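I have placed the structure first, in the form of structure tokens, so that the comments after it can refer back to it.
Protein chains: 2
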Amino acid sequence: MNNIVSACGAEQGLITVDQALDLIRDKIQVLETENLKLNQALNRYLAEDIYSSINLPLFSQSAVDGYALSAPSTIEPNRSFALVGEIQAGHASELQLTQGQAVRIFTGAKIPLGTTTVARQEIVKIIDSSRIEITESLKAHTDIRDVGEEIAVGDLLASSGQQLSVGAIASLSMAGIQTVNVFQYPKVAVVITGDEVAASVEDFAAGKIFDANAPLIQAWFQQQSQQVEIFHVADTEHAVTALIQTLSKAYDLILTTGGVSVGDYDFIRPVTLNLGFEQIFWKVKQKPGKPIFFATLQRADHSACYLLGLPGNPAAVYMGMQIYTSAVLNALQGQKQPPNWFSAVLTHDVKMDARERFLRMSASFDQSILKVKSLSKQQSHMLSNLMQANCLVRIPAGQTMLEGQIVQGLFIGS
Amino acid sequence: MNNIVSACGAEQGLITVDQALDLIRDKIQVLETENLKLNQALNRYLAEDIYSSINLPLFSQSAVDGYALSAPSTIEPNRSFALVGEIQAGHASELQLTQGQAVRIFTGAKIPLGTTTVARQEIVKIIDSSRIEITESLKAHTDIRDVGEEIAVGDLLASSGQQLSVGAIASLSMAGIQTVNVFQYPKVAVVITGDEVAASVEDFAAGKIFDANAPLIQAWFQQQSQQVEIFHVADTEHAVTALIQTLSKAYDLILTTGGVSVGDYDFIRPVTLNLGFEQIFWKVKQKPGKPIFFATLQRADHSACYLLGLPGNPAAVYMGMQIYTSAVLNALQGQKQPPNWFSAVLTHDVKMDARERFLRMSASFDQSILKVKSLSKQQSHMLSNLMQANCLVRIPAGQTMLEGQIVQGLFIGS
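Just so you know, the protein sequences line up as chains R and W, in that order. Per the numbering used here, the first sequence starts with residue 502, numbered consecutively. Per the numbering used here, the second sequence starts with residue 502, numbered consecutively.
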């Protein structure tokens with residue numbers, strides 16, 4: 502871990518991580534909604550409450566493979582019934598049972614009118630093609646799934662704001678939901694700045710470095726089943742201006758990497774402000790990623806373009822995607838809850854730093870307690886510990902944290 | 502939660518969940534490997550160890566925006582240097598510093614030969630265009646990132662078997678890795694059986710139900726950025742035979758839903774065995790999903806086709822995807838570790854059942870302790886609690902579990 506207490510952490514007037522996240526949630530204007538087929542809506546946020554228009558089960562049905570019976574009360578062993586037919590799952594039947602009659606039935610098949618109970622096939626002896634016998638005592642209303650016992654017409658199935666997980670898609674499908682009203686997913690452009698970043702092998706020359714940021718951001722969006730367009734731009738005011746101006750007309754969010762500090766070649770912020778963007782925040786008291794920049798441009802049609810400027814070092818980009826880009830994408834889709842931080846026990850001391858830190862750690866469960874352990878190589882130009890890390894842990898500013906203390910964090914996938 | 506102790510749980514000779522998972526890992530023949538561009542390899546498993554062919558950093562560089570200096574030892578305040586040029590990040594320089602010289606430099610730029618330390622711009626006073634003064638004491642070798650300090654040529658970057666997460670892709674990109682040798686992702690066909698399942702709105706009629714299984718499986722694969730082909734088949738021996746025979750020639754894995762029990766219309770197992778598949782297991786002592794079926798067909802070219810037959814009820818399909826399909830897909834890609842079970846504390850008693858159960862629960866952290874709480878509507882034909890569930894929890898067979906006891910589970914996404 503990086504034990505250096507950086508002098509620039511002492512800079513006055515920086516906002517905190519939580520203040521930055523609050524600003525994202527407060528200032529962002531939610532996107533329009535759209536109607537999608539349910540099978541196109543994975544991971545989207547609902548823009549409507551959904552009520553059931555059907556009962557689930559749709560009809561009273563057998564819970565087992567066996568026989569639907571008609572009998573006035575509990576059936577004693579050795580009682581026999583007249584077998585009058587068969588009902589396969591998925592096939593409608595006009596049959597109506599009268600007392601003493603039975604019908605062969607299968608799991609999920611609609612029980613005929615007159616059914617009082619169902620005997621699973623394990624307790625049925627077949628006498629001949631027209632007669633069966635029940636071998637055990639059997640109560641009324643056994644192994645019947647009643648119409649509407651899970652969901653009744655008019656029940657709330659899902660609430661506005663809820664994210665459509667795999668399970669939610671399955672559950673709504675079962676209730677016959679075919680389309681959903683959801684918030685639009687933002688159109689995102691990614692701008693990679695920095696002459697030191699090689700865009701391809703051909704670009705690679707002394708003084709340039711391999712680009713981790715474009716692959717990182719592309720993979721991050723791919724992980725959420727989303728595509729992004731990636732643009733590389735040279736470190737000149739003219740090139741940056743032309744690109745941002747063009748993108749600001751067509752995209753809801755422009756993500757940039759690099760060029761947001763105070764170096765002589767850090768054009769993102771001045772260019773953006775010149776183009777009419779309004780700064781929401783610049784610089785957060787955090788490590789990595791202090792010079793993060795967030796701004797908005799109101800367009801003539803009253804829609805907005807947002808620009809999230811991540812610092813160029815890959816550790817800041819990685820943290821920025823997990824913490825800030827997530828928050829921006831969610832807020833644009835009306836989801837303004839804080840991230841789902843876990844709490845965990847530190848397995849070792851962590852030295853104080855003037856800024857809040859996000860450390861890449863390894864988390865594991867020990868008898869229900871989540872324990873986190875820092876990995877080496879935490880500096881902002883280093884990423885190799887992401888091969889082992891499974892979480893980002895927040896270390897509060899200005900505090901020495903001791904082994905056994907509780908910290909917050911986020912899982913970041915395997 | 503379902504408190505019914507099912508009679509069929511007492512069935513003799515069923516294997517346990519862990520035995521079934523062991524059989525999957527033992528019996529599966531790993532797929533061939535392929536070379537992919539790194540940016541196409543998200544979530545794949547490496548089939549090679551990867552060693553670095555470069556140093557990281559690639560060259561010694563400045564860690565800050567400031568001035569590279571040449572001085573024999575610690576620099577005292579007010580010492581001045583001759584400014585001889587500027588090096589921007591990404592631009593090579595032939596400059597060589599001699600004692601008493603300085604060069605303007607930016608974060609990530611290659612330090613020139615002769616550099617002994619770097620002064621961040623905050624501690625530098627510009628005297629004129631050719632002279633600067635250091636305002637604070639400055640030690641040798643400050644704010645220099647040394648060549649190879651993170652990774653040296655020949656260091657192991659990633660090991661065979663490791664999954665390529667977003668962080669891994671970023672980290673390998675930074676080390677200049679362009680292509681990777683990974684295990685092929687299995688070609689998967691999904692077969693939805695059951696005349697009771699409506700394939701479309703037009704199919705929907707009395708006695709049919711809305712299909713949760715196809716949307717569930719499609720969304721599950723979409724969540725992992727994978728496509729699958731989905732086929733619906735009628736409940737006839739002829740139709741099932743024709744389809745499975747065709748698919749078994751072209752796919753690595755056939756996933757089926759329904760038709761694996763002992764009902765008169767349960768054709769999957771007999772048809773599969775008739776086609777020459779060898780049964781690996783059938784029936785697991787679990788709830789839901791007892792009649793799960795797993796088989797393999799050796800093809801003439803020595804490759805294999807596997808068939809995983811999930812029971813048709815949606816709760817069994819959901820559990821089957823999370824527990825068994827995951828294990829099969831991983832094993833086909835050479836990943837034979839058990840799932841990454843969490844451990845958590847039960848917040849209430851859970852009644853005994855003869856079979857091991859997978860209950861859909863809600864998990865949350867309380868001061869680093871993960872606590873799980875069961876949701877209502879756990880029966881196998883019910884899915885609506887997936888709107889709230891965020892984990893599947895294993896309840897051991899034949900034990901009453903008490904509040905405060907530790908259980909294992911898996912997170913299942915938001």
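Ideal placement from N, C-alpha and C gives every residue a C-beta, glycine not left out. Since this is a predicted model, take the numbers as computed values, not measurements.
- Query: Per DSSP, R/E779 is paired with what?
  - Reply: R/T797
- Message: Please report the distance separating the alpha-carbon of R/R861 from that of W/G514.
- Response: 47 Å
- Query: What residues from the stretch 882-898 of chain W come within 7 Å of chain R, judged by C-beta to C-beta, listed N to C?
  - Reply: H882, M883, L884, S885, L887, M888 and A890
- Which residue spans inside the stretch 796-874 of chain W form an unbroken beta strand (DSSP E) run of at least 3? 805-811, 843-847 and 857-867
- Query: Are the beta-carbon atoms of W/T797 and W/V741 separated by less than 8 Å?
  - Reply: no
- Which residue comes first and which comes last in the beta strand (DSSP E) that contains R/E738? It is not in any beta strand (DSSP E) - R/E738 instead sits in the alpha helix (DSSP H) that spans E738 to A751.
- Assigned exposure category for R/A845 - 16 Cβ within 10 Å defines buried: buried
- Message: Please list, in chain order, the chain R residues whose beta carbon lies closer than 8 Å to that of W/P578.
- Response: Near W/P578 there are no residues of chain R at all, since even the closest Cβ is about 15 Å away, more than 8 Å.
- Task: Pick out whichever of W/Q723, W/Y752, W/L547 and W/T616 has its Cα sitting closest to the Cα of W/V681.
- Result: W/L547
- Task: Report the rounded CA-to-CA distance for R/G457 versus W/S863, giving the unit in angstroms.
- Result: Because chain R spans 502 through 915 in this model, residue 457 of chain R falls outside it and cannot be assessed.
- Hey, which unbroken runs of the beta strand (DSSP E) at 3 residues or more fall wholly within the stretch 590-657 of chain W? 602-606, 618-621, 625-629 and 632-635
- Starting from the N-terminal side, write out each stretch of the alpha helix (DSSP H) that is 4 residues or longer and does not extend beyond the stretch 658-737 of chain W. 667-675 and 714-724
- Task: Report the option in W/G821, W/P815, W/A569 and W/F722 whose CA atom is closest to the CA atom of W/V689.
- Result: W/F722
- Message: Here's a check: name, in chain order, each residue in its chain whose Cβ is nearer than 8 Å to the Cβ of W/N544, leaving out the five neighbours to either side.
- Response: Q664, L665, S666, Q725 and S726
- Express the C-alpha separation of R/D854 and W/I588 in angstroms, rounding to a whole number. 31 Å
- Message: I want to see whether chain R comes within less than 8 Å of W/E730, judged by CB atoms only; does it?
- Response: no
- Segment limits, beta strand (DSSP E) that includes R/I588: S581 to I588
- Below-8 Å beta-carbon distance, W/K709 vs any chain R residue: yes
- Message: Suppose the cutoff is 6 Å on Cβ atoms and the five residues either side in sequence are ignored; what does the same chain contact list for W/I710 look like?
- Response: E697
- Query: Is the CB-CB distance between R/K791 and W/E651 below 8 Å?
  - Reply: no
- Query: Cα-Cα, which of W/I896, W/L673 and W/R770 is closest to R/A720?
  - Reply: W/L673
- Message: Within 8 Å of any Cβ in chain W, is that where the Cβ of R/H592 sits?
- Response: yes
- Message: Just list the residues that DSSP pairs R/E535 with in beta bridges.
- Response: R/V683
- Message: Quick check on the DSSP output: the alpha helix (DSSP H) that includes R/R895 runs from which residue to which?
- Response: R/R895 -> not in any alpha helix (DSSP H); beta strand (DSSP E) instead, spanning C892 to I896.
- If you count every other CB in all the chains shown that lies within 10 Å of the CB of R/L808, and 16 or more means buried, which is it? buried
- Spatial distance of W/I529 from W/G764 (CA atoms): 29 Å
- Task: Check each residue of the stretch 644-664 of chain W: if its Cβ is closer than 9 Å to any Cβ of chain R, include it; give the result in chain order.
- Result: R646, E650, E651, I652, D656, L658, A659, S660, Q663 and Q664
- Compare the C-alpha of W/E535 against each of W/L614, W/D527, W/Y766 and W/E549 and name the closest. W/E549
- Distance, R/F560 Cα to R/I635 Cα: 25 Å
- Task: Flag this pair as yes or no: are the beta carbons of W/F795 and W/I781 separated by less than 8 Å?
- Result: yes
- How close, in whole Å, do the beta carbons of W/T616 and W/L598 come, if the pair is a contact with beta carbons under 8 Å? 6 Å
- Item | Per-residue burial, R/I628 [other beta carbons within 10 Å of its own, 16 or more giving buried] | exposed
- Cβ contact check for the stretch 752-761 of chain R and the stretch 807-825 of chain R: 3 or more pairs under 8 Å: yes
- With DSSP as the reference, label W/K878 as helix, strand or coil. coil
- Task: Would you kindly report the start and end of the unbroken alpha helix (DSSP H) that includes W/V785?
- Result: W/V785 -> no alpha helix (DSSP H), and no H or E assigned at all.
- Residue range of the beta strand (DSSP E) that W/L756 falls in? L754 to T758
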